[in-house]
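A.B. asks:
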Amino acid sequence: MDIEKNLKYTFKNKELLSTALTHSSYSNEKKKGTESNERLEFLGDSVLSIITSEYLFKEYSHQPEGELTKLRAALVCEKSLCEISRELGIGECLKLGHGEEHTGGRQRPSILADAFEAMLAAIYLDSGMDSARSFVLPFIKEKLKNIDSTSALDYKTTLQEIIQQNPEEQLEYRLTGESGPDHDKRFEVEVLLNSNIIGRGEGHSKKAAEQAAAKEALKLMGEV
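Residue 458 in this note's numbering sits at position 166 of the sequence shown, with consecutive numbering throughout.
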């Protein structure tokens, strides 16, 4: 497998790629001179946290610290990182010790999540924060689409439940604008109650913009 093709990134320093794919079980068997990906994983955890935090800070500009923390935790949890690692085929390229190989290490969520963080750190060390950001942000944005509809930050559902208490009331979301290049679009949305605008919002996806508009409407109602 061409892992660099899957990553959509070509390493200048191939040693960084090799180390990112080296599990401690392999380096322990090889002993001297073979570094595992543990140190890279340590760095990658911090790089991922700052990129995710920065994105959420800008994207959810009206969210309090506690809610941003919940969102970040959902994005960088082991389950989420493991899914991304599987999508990239990282597990198939890992260098594992014999014991780990025979006990399903290539599919172990903790190993896959750690390997993803190590890979992010390797890209960061190879060519800087901009490359690391370009690599990981598409995954963050994709994960956010799912989190938006299921997390405690689902303001659309909360607003809908309030409005449904009066069956004659009608709620509608209207896209009013979009700007920016394809890889960094911004959408503007209004939420209307019986044709009256009760909230406006912006976001990097229509769903995020709708959530922001619903949040503003709920603030006007004194619900958040």
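Glycine residues also receive a C-beta, built at the ideal position from the N, C-alpha and C atoms.
Apart from the five residues just before and just after L340, which ones in its own chain have a Cβ nearer than 7 Å to its Cβ?
C.D. replies: Around L340: V368, E409, L412 and V428.
A.B. asks: DSSP three-state call for S441: helix, strand or coil?
C.D. replies: In this prediction, S441 scores a pLDDT of 44, lower than 50, which makes its location untrustworthy; no coordinate-derived value is stated.
A.B. asks: Could you compute how far the alpha carbon of G491 sits from the alpha carbon of F431?
C.D. replies: Distance between the alpha carbons of G491 and F431 is about 29 Å.
A.B. asks: On the CB-based measure, 16 or more other CB atoms within 10 Å of its CB, does D294 come out buried or exposed?
C.D. replies: D294 is exposed by the Cβ-count criterion.
A.B. asks: Would you mind listing the beta strand (DSSP E) stretches within the stretch 487–516 that are 3+ residues and don't spill past its ends, in chain order?
C.D. replies: Here the runs fully enclosed are 488–495.
A.B. asks: Quick one: residues in its chain with C-beta nearer than 6 Å to the C-beta of G397, no 5 flanking neighbours on either side, listed in chain order?
C.D. replies: Once the five neighbours on either side are set aside, the close Cβ partners of G397 are L388 and I403.
A.B. asks: Give the secondary structure of K304 by DSSP, where H, G and I count as helix, E and B as strand, and everything else as coil.
C.D. replies: Coil.
A.B. asks: Can you name, in chain order, every residue of its own chain whose Cβ lies under 8 Å from the Cβ of F479, other than the five neighbours on each side?
C.D. replies: Answer for F479: L467, G469, E470, E494, G495, H496, S497, K498, A500 and A501, listed in chain order.
A.B. asks: Is it true that the stretch 449–459 meets the stretch 344–354, where meeting means three or more beta-carbon pairs spaced less than 8 Å apart?
C.D. replies: With a cut-off of 8 Å, the stretch 344–354 and the stretch 449–459 do not count as touching, because too few Cβ pairs lie within range.
A.B. asks: Enumerated in chain order, which unbroken segments of the alpha helix (DSSP H) with a length of 4 residues or greater are wholly contained in the stretch 361–391?
C.D. replies: If we require 4 residues or more, the alpha helix (DSSP H) runs fully inside the stretch 361–391 come out as 370–380 and 382–385.
A.B. asks: Can you list, in chain order, the residues of its chain with a C-beta nearer than 7 Å to that of G381? Leave out the 5 residues immediately preceding and following it.
C.D. replies: M293, I295 and N298, listed in sequence order.
A.B. asks: Please work out which residues of its chain come closer than 6 Å, Cβ to Cβ, to G336, disregarding the five sequence neighbours upstream and downstream, and give them in chain order.
C.D. replies: Closer than 6 Å at the Cβ level, and outside the excluded window around G336, lie E409, A410, L412 and A413.
A.B. asks: To the nearest angstrom, report how far apart E460 and S487 are at their CA atoms.
C.D. replies: One C-alpha to the other measures close to 13 Å.
A.B. asks: Look at the alpha carbon of L332 and the alpha carbon of E375, and state the distance between them as a whole number of angstroms.
C.D. replies: Going from the Cα of L332 to the Cα of E375 covers about 19 Å.
A.B. asks: Is E464 closer than 8 Å to L484 when the C-beta atoms are compared?
C.D. replies: Yes.
A.B. asks: Taking the C-alpha atoms as reference points, what is the distance between T311 and L373?
C.D. replies: Approximately 19 Å between the Cα atoms of the pair.
A.B. asks: Measure the C-alpha to C-alpha separation of A505 and V481 and round it to an integer number of angstroms.
C.D. replies: Taking the straight line from one Cα to the other gives about 7 Å.
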